[in-house]
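In what follows, a single structure is set out as structure tokens and then discussed.
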Amino acid sequence: GDSVTQMEGPVTLSEEAFLTINCTYTATGYPSLFWYVQYPGEGLQLLLKATKADDKGSNKGFEATYRKETTSFHLEKGSVQVSDSAVYFCALSTILTGGGNKLTFGTGTQLKVEL
Amino acid sequence: DAGVIQSPRHEVTEMGQEVTLRCKPISGHNSLFWYRQTMMRGLELLIYFNNNVPIDDSGMPEDRFSAKMPNASFSTLKIQPSEPRDSAVYFCASTERTSGRHEQFFGPGTRLTVL
């Protein structure tokens, strides 16, 4: 079945450091790919998405490129801030028999940014 | 737009009691998801509705768990009887389309503690 593998955390960085969180996937067909972010005490919210190969999703300085050849969707940011401290989830969409779709999530990577 | 609304935000109950969690999806969304999040197992999809009809309940852990969606604007997740291992944060999410390209919008979650 479909699956998502992302790097384990926690990842601890100093402010203004470069961030990479690796994500690879296994899926049949051509799923859409997503990064969600969860701040403490809140629900998940969409950070960025890409719906086809070579698409680049971007938001709030974060970027990720849909790489079909390497089945990857790595999240990057050039200069992190303390406010970026959160848990980041990589996900892919799966079409369900009977209609609709569901998201398959990775285990999440906690990011801690220190001054 | 009020977003996905969940109630209660926190629930503390004793083992054996019935627990009912409530969700109001975003108006116009036709798909609704219930998730459970724990430290041990991460984010798990429990059940999914499309146009008020349960499509995939393979994630519901036991017969003690049941979910209903009597209309397009309301869903419940019930646990009867509750057990300490049910303690988790339960999220409801909704989405507008079933193509897989549209994001899921998450509610703030209900933190359930079963003593």
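Residue numbers (our numbering), protein chains in the order written: chain A, 482 to 596; chain B, 12 to 126. Glycine residues also receive a C-beta, built at the ideal position from the N, C-alpha and C atoms.
Based on the DSSP secondary-structure assignment, which residues constitute the bridge partners of residue i?
i, result
"Asn61/B", "Ser42/B, Val64/B"
"Lys541/A", "Per DSSP, none; premise fails for Lys541/A."
Whose C-alpha, out of the options, is nearest the C-alpha of residue i?
i, options, result
"Thr588/A", "Leu56/B, Phe85/B, Asp74/B", "Leu56/B"
"Tyr506/A", "Thr551/A, Gln519/A, Lys530/A", "Thr551/A"
"Lys593/A", "Ala508/A, Gln519/A, Tyr511/A", "Gln519/A"
"Leu556/A", "Leu529/A, Gln562/A, Glu489/A, Lys549/A", "Leu529/A"
"Asp99/B", "Met50/B, Arg75/B, Met71/B", "Looking at the sequence itself, residue 99/B is Ala, so the reference to Asp does not match. Measuring from the Cα of Ala99/B, the nearest candidate turns out to be Met50/B."
"Asn540/A", "Thr590/A, Gly524/A, Glu489/A, Trp516/A", "Trp516/A"
"Leu596/A", "Thr590/A, Ser560/A, Phe586/A, Leu573/A", "Ser560/A"
"Ala83/B", "Gln48/B, Cys103/B, Asn62/B", "Asn62/B"
If I measure Cβ to Cβ from residue i and keep anything under 6 Å in the same chain, skipping five residues before and after, which residues do I get?
i, result
"Asp67/B", "Tyr59"
"Leu32/B", "Leu88, Tyr101, Thr121"
"Phe76/B", "Ile90"
What residues in its chain sit with their C-beta under 8 Å from that of residue i, if we drop five residues either side in the sequence?
i, result
"Val30/B", "Glu22, Thr24, Lys89, Ile90, Gln91, Ser93, Asp97, Leu123, Val125"
"Gly522/A", "none"
"Met71/B", "Leu57, Ile58, Ser77, Ala78"
Who are the near neighbours of residue i in its chain, counting only those whose CB is closer than 7 Å to its CB and skipping five residues on each side?
i, result
"Tyr547/A", "Leu514, Ala531, Lys533, Ala534, Asp535, Asp536, Phe554"
"Ala567/A", "Val518, Gln519, Tyr520, Leu592"
"Lys47/B", "According to the sequence shown, residue 47/B is Arg rather than Lys. Answer for Arg47/B: Glu55, Leu57, Ala99, Tyr101, listed in chain order."
Whole angstroms is fine: what's the gap from residue i's alpha carbon to residue j's?
i, j, result
"Leu527/A", "Gln115/B", "8 Å"
"Leu39/B", "Ser105/B", "One point to set straight first is that residue 39/B is Gly, not Leu, in the sequence displayed. C-alpha separation (whole angstroms): 10 Å."
"Pro65/B", "Lys79/B", "8 Å"
"Pro19/B", "Gly118/B", "11 Å"
"Pro491/A", "Trp45/B", "26 Å"
"His113/B", "Gly27/B", "39 Å"
"Tyr509/A", "Glu544/A", "According to the sequence as given, residue 509/A is Thr; it is not Tyr. Each residue's alpha carbon lies about 24 Å from the other."
"Val563/A", "Leu494/A", "9 Å"
"Tyr511/A", "Gln487/A", "19 Å"
"Thr590/A", "Cys504/A", "10 Å"
"Glu471/A", "Val485/A", "Because chain A here runs from 482 to 596, residue 471/A falls outside it and cannot be looked at."
- Item | Within 9 Å of chain A by C-beta, residues of the stretch 58-75 of chain B in sequence order | Tyr59, Phe60, Asn61, Asn62, Val64, Ile66, Asp67
- Short-range partners of chain A found in the stretch 14-45 of chain B, where Cβ spacing is below 8 Å: Val15, Ser42, Phe44
- Item | Contacting positions in the stretch 518-539 of chain A - beta carbon closer than 7 Å to chain B | Glu523, Gly524, Leu525, Gln526, Leu527, Lys530, Thr532
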